[in-house]
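Heads up, the sequence shown stops at 838 in my numbering, and the numbers go up one at a time, no gaps. Here the structure comes first, spelled out in structure tokens, and everything after it is commentary.
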Amino acid sequence: MEKMDHRTDYCGNITAKYEGQEVTLFGWVQRVRNLGNLIFIDLRDREGLVQVVVNKDSGEELMKIAESLGNEYVIEVKGKVVRRSSVNPEMKTGEVEVNVSEMIILNEAKNPPFEIKNDVEISEQTRLKYRYLDLRRPTLQNAIILRSKILRAVHEYFDEHGFIDIETPILGKSSPEGARDYLVPSRIYPGSFYALPQSPQLFKQLLMGAGFDKYYQLARCFRDEDLRGDRQPEFTQIDMETSFLDEQGVQDYTEGLLKKVMKDVMNIDLPTPIKRISWQEAMDKYGSDKPDTRYEMYIHDLNHIFKDSDFKVFSGAIANGGYVRGIAVKGGAEAYSRKKIEEKQEYIKRFHAKGLAWVKYENGEFTGPVSRFLTKENQAALKEEFALEGGELLVFVADIWKVVCDSLNYLRRAFAKETGIIPKDVYDFVWIVDWPLFEYDEGLGRWIAAHHPFTMPDDEGIKLLDTDPHKAHARSYDIVMNGDELGGGSIRIHKRSIQEKMLKALGFTKKRAYEQFGYLMDALDMGFPPHAGLAIGLDRFAMLLAQKDNIRDVLAFPKNASASEPMMHAPAPVADQQLADLGIEVEEQYAESVAQTEQRLEKEAQEDADKNATWED
Numbered sequence: 222m223e224k225m226d227h228r229t230d231y232c233g234n235i236t237a238k239y240e241g242q243e244v245t246l247f248g249w250v251q252r253v254r255n256l257g258n259l260i261f262i263d264l265r266d267r268e269g270l271v272q273v274v275v276n277k278d279s280g281e282e283l284m285k286i287a288e289s290l291g292n293e294y295v296i297e298v299k300g301k302v303v304r305r306s307s308v309n310p311e312m313k314t315g316e317v318e319v320n321v322s323e324m325i326i327l328n329e330a331k332n333p334p335f336e337i338k339n340d341v342e343i344s345e346q347t348r349l350k351y352r353y354l355d356l357r358r359p360t361l362q363n364a365i366i367l368r369s370k371i372l373r374a375v376h377e378y379f380d381e382h383g384f385i386d387i388e389t390p391i392l393g394k395s396s397p398e399g400a401r402d403y404l405v406p407s408r409i410y411p412g413s414f415y416a417l418p419q420s421p422q423l424f425k426q427l428l429m430g431a432g433f434d435k436y437y438q439l440a441r442c443f444r445d446e447d448l449r450g451d452r453q454p455e456f457t458q459i460d461m462e463t464s465f466l467d468e469q470g471v472q473d474y475t476e477g478l479l480k481k482v483m484k485d486v487m488n489i490d491l492p493t494p495i496k497r498i499s500w501q502e503a504m505d506k507y508g509s510d511k512p513d514t515r516y517e518m519y520i521h522d523l524n525h526i527f528k529d530s531d532f533k534v535f536s537g538a539i540a541n542g543g544y545v546r547g548i549a550v551k552g553g554a555e556a557y558s559r560k561k562i563e564e565k566q567e568y569i570k571r572f573h574a575k576g577l578a579w580v581k582y583e584n585g586e587f588t589g590p591v592s593r594f595l596t597k598e599n600q601a602a603l604k605e606e607f608a609l610e611g612g613e614l615l616v617f618v619a620d621i622w623k624v625v626c627d628s629l630n631y632l633r634r635a636f637a638k639e640t641g642i643i644p645k646d647v648y649d650f651v652w653i654v655d656w657p658l659f660e661y662d663e664g665l666g667r668w669i670a671a672h673h674p675f676t677m678p679d680d681e682g683i684k685l686l687d688t689d690p691h692k693a694h695a696r697s698y699d700i701v702m703n704g705d706e707l708g709g710g711s712i713r714i715h716k717r718s719i720q721e722k723m724l725k726a727l728g729f730t731k732k733r734a735y736e737q738f739g740y741l742m743d744a745l746d747m748g749f750p751p752h753a754g755l756a757i758g759l760d761r762f763a764m765l766l767a768q769k770d771n772i773r774d775v776l777a778f779p780k781n782a783s784a785s786e787p788m789m790h791a792p793a794p795v796a797d798q799q800l801a802d803l804g805i806e807v808e809e810q811y812a813e814s815v816a817q818t819e820q821r822l823e824k825e826a827q828e829d830a831d832k833n834a835t836w837e838d
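Below, the structure is given as structure tokens:
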């Protein structure tokens with residue numbers, strides 16, 4: 222059996238403070254340079270690289286071992302830390318090296334399918350198939366470690382403030398509201414299914430009814446929805462709930478948590494209190510309820526300028542109850558050709574915009590397609606409205622409110638990114654408050670809860686539930702950072718009468734409401750306290766702090782864009798007997814696809830076995 226000594230420190234920590242000391246190190250071989258009488262080895266672990274050196278004076282046996290090394294071999298070395306003859310300022314350990322006196326090969330490695338370094342070009346499929354190799358790359362290791370630091374800070378903060386860490390069930394009941402559930406069939410109750418939780422929302426509310434007035438959990442959640450860069454089918458929420466607190470109380474705790482995370486993880490002092498803007502202001506000024514407040518380029522309402530315009534695209538939209546709004550792009554007059562602007566126009570068609578009007582302001586004059594419709598009064602008003610200095614590109618969208626907001630939100634973000642006005646290494650937080658209680662879902666063709674059905678309306682909204690519920694406002698709040706929603710929360714409904722009205726406004730029948738939420742209704746009649754809470758998406762938060770573009774880069778073993786996992790081949794067909802035990806039969810229309818998948822996986826397994834197995838059946 223290989224006897225391994227205790228490690229002195231990580232490779233990346235062997236700096237000048239260890240000079241003259243004997244050290245024991247473990248790690249992976251990053252690179253070997255054989256100069257004949259000298260062999261240089263870059264040894265890597267999770268903290269970084271250190272150079273270790275074997276020379277002919279070390280003995281023939283040690284030289285043979287060093288000469289046999291390949292990339293990604295796992296080795297143990299002992300040796301003395303000495304000053305380098307030439308310092309490498311690019312490395313944390315660049316002042317020193319280790320003169321090796323002993324070396325043990327703990328395991329050999331085949332030639333990996335890609336080089337273990339940050340800037341290697343590899344497909345996502347290959348990365349995820351060999352995720353254990355992909356995770357050796359420093360950029361991913363640093364991201365995973367950053368995530369771990371966030372978790373540690375979260376636990377410390379909530380513990381210091383008297384919160385209780387309580388786990389809620391993973392196997393629960395399906396609810397047809399919202400995103401699709403992941404279902405788990407019951408063997409004991411054939412034909413019945415558990416659902417994996419989309420959030421612990423109702424469980425944490427019930428904990429408030431049970432008297433646990435400060436709850437938190439790192440909650441695993443699951444949603445069967447289409448994926449994108451900032452979503453995965455399974456994810457983690459920093460979840461909290463409190464009794465006897467109003468919005469300000471929950472926001473104070475949240476700001477304290479964010480302040481600790483930013484300090485402990487990023488060494489940044491987050492100014493508090495965090496600024497607050499209403500949902501309406503966010504939509505009007507930024508075109509989004511997730512505004513990026515790191516830069517200005519505000520959206521301006523121009524109805525007062527163009528309501529009597531001869532340009533019928535503008536005046537007609539206003540006459541029909543629509544809006545004309547625009548943004549000014551500094552330096553855009555020179556930076557954007559007609560072709561580039563037309564590309565933007567084409568893009569915003571996906572938001573149902575009918576077109577993009579624009580002018581440039583240079584040398585005291587307006588030019589461009591719309592300029593001929595601008596009266597002197599229009600020109601003067603635009604100069605004042607946008608405080609024009611010269612060199613600006615002005616773009617306008619005329620349409621219904623939602624189309625205008627969606628289009629200008631996209632344009633604002635795109636122009637800001639392309640013109641380089643977004644400050645780097647800035648983390649700008651903002652609370653979005655005073656939300657509508659309901660929003661209209663075009664796809665479903667009906668009103669839905671803007672957050673969830675358990676959100677308390679404001680005082681006026683409670684009255685409106687009986688008469689005009691869609692005008693009601695909610696006691697809810699979202700926390701946004703750099704244009705990304707980190708999380709959201711609300712004051713919850715704690716009275717049965719209000720909860721019933723809320724469900725009725727959402728179109729629930731009495732029977733359906735009690736089938737799905739009867740246990741909650743009963744609980745609300747049993748002395749339920751006022752309560753409120755919030756949840757922050759841990760994965761997205763880690764992604765933003767690590768400055769990654771994809772949530773997959775802060776997860777150890779994520780799914781790909783089609784919700785599959787190439788390393789373990791999940792999801793995959795299961796044995797017929799397993800299905801029979803559950804009373805499940807695959808429909809004929811899917812049987813061929815299942816058979817093809819089984820054949821493909823069997824073939825791949827056989828090829829791997831023939832190529833790699835070290836024994837014969």
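From the three backbone atoms N, C-alpha and C, an ideal C-beta is built for every residue, glycine too. If you're wondering where the values come from, they're calculated on a predicted model, not measured in any experiment.
Under 8 Å between C-beta atoms of residue i and residue j
i    : j    : result
V317 : G300 : no
L800 : P411 : no
D760 : T457 : yes
L745 : R773 : no
H521 : F636 : no
A554 : L478 : no
I260 : V250 : no
K435 : T475 : no
P678 : R667 : no
C-alpha gap between residue i and residue j, whole angstroms
i    : j    : result
M723 : S530 : 44 Å
D620 : Y516 : 25 Å
M324 : I371 : 37 Å
V618 : A693 : 28 Å
D662 : K570 : 19 Å
K492 : K480 : It is worth fixing the name first, because residue 492 is Pro in this sequence and not Lys. For P492 and K480, the distance between alpha carbons rounds to 8 Å.
I683 : V654 : 17 Å
L577 : I643 : 23 Å
E825 : L727 : 50 Å
Y648 : Q810 : 50 Å
T229 : V244 : 6 Å
K575 : S628 : 10 Å
L686 : A767 : 43 Å
K612 : E598 : In the sequence as displayed, the identity of residue 612 is Gly instead of Lys. About 20 Å.
Q820 : P794 : 10 Å
M429 : R357 : 43 Å
M789 : G291 : 27 Å
Y437 : T360 : 30 Å
Top-ranked residue by Cα proximity to residue i, from the options
i    : options                   : result
Y582 : K561, K565, R571 and I548 : I548
A791 : I805, V775 and T818       : T818
C232 : L665, E288, L290 and E297 : E297
P333 : E323, P512 and K350       : K350
C442 : E388, K480, P406 and R368 : E388
Y353 : L776, S785 and S814       : L776
P454 : V274, E808, F778 and A812 : F778
I385 : L392, K285, H376 and G393 : H376
N541 : E639, V550, K528 and K551 : K528
I241 : R305, N292, H227 and D278 : According to the sequence shown, residue 241 is Gly rather than Ile. Looking at the Cα atoms, R305 is the closest of the given residues.
Q469 : L283, K496 and E586       : K496
E208 : Q737, S711 and G709       : Nothing about residue 208 can be reported from this structure: the residues present for the chain run from 222 to 838 only.
P310 : R348, V271 and A784       : V271
G269 : Y474, A756, L658 and L246 : L246
F572 : L478, T236, T475 and V624 : V624
Residues of its chain near residue i, where Cβ-Cβ distance is below 8 Å and the 5 sequence neighbours each way are ignored
i    : result
S509 : A503, C626, N630 and G704
F414 : S395, L404, V405, P406 and S407
A734 : E721, L724, K725 and M742
Sequence-distant residues of its chain with Cβ nearer than 6 Å to residue i (five each side left out)
i    : result
L466 : A753
G393 : A416 and P418
F594 : D531 and F532
T588 : K581
Neighbourhood of residue i by C-beta, 7 Å cutoff - its chain only, sequence neighbours within 5 removed
i    : result
A602 : I526
K277 : N258 and M284
Proximity test, Cβ basis, 8 Å: residue i and chain D
i    : result
N339 : Annotation note: the requested chain D is absent from the structure, which comprises a single protein chain.
Residue i beta carbon near the ligand MN (any heavy atom closer than 7 Å)
i    : result
S306 : Absence of the ligand MN is noted for the structure shown, with no ligands found whatsoever.
*Enumerated in chain order, which unbroken segments of the beta strand (DSSP E) with a length of 3 residues or greater are wholly contained in the segment 583–608?*
586–588
*Which runs of the alpha helix (DSSP H) spanning at least 4 residues fall entirely within the segment 642–709, listed in chain order?*
680–688
*Report the residue ranges of all beta strand (DSSP E) runs contained in full by the segment 240–315; include only those spanning at least 3 residues, in chain order.*
243–255, 259–266, 269–276 and 295–304
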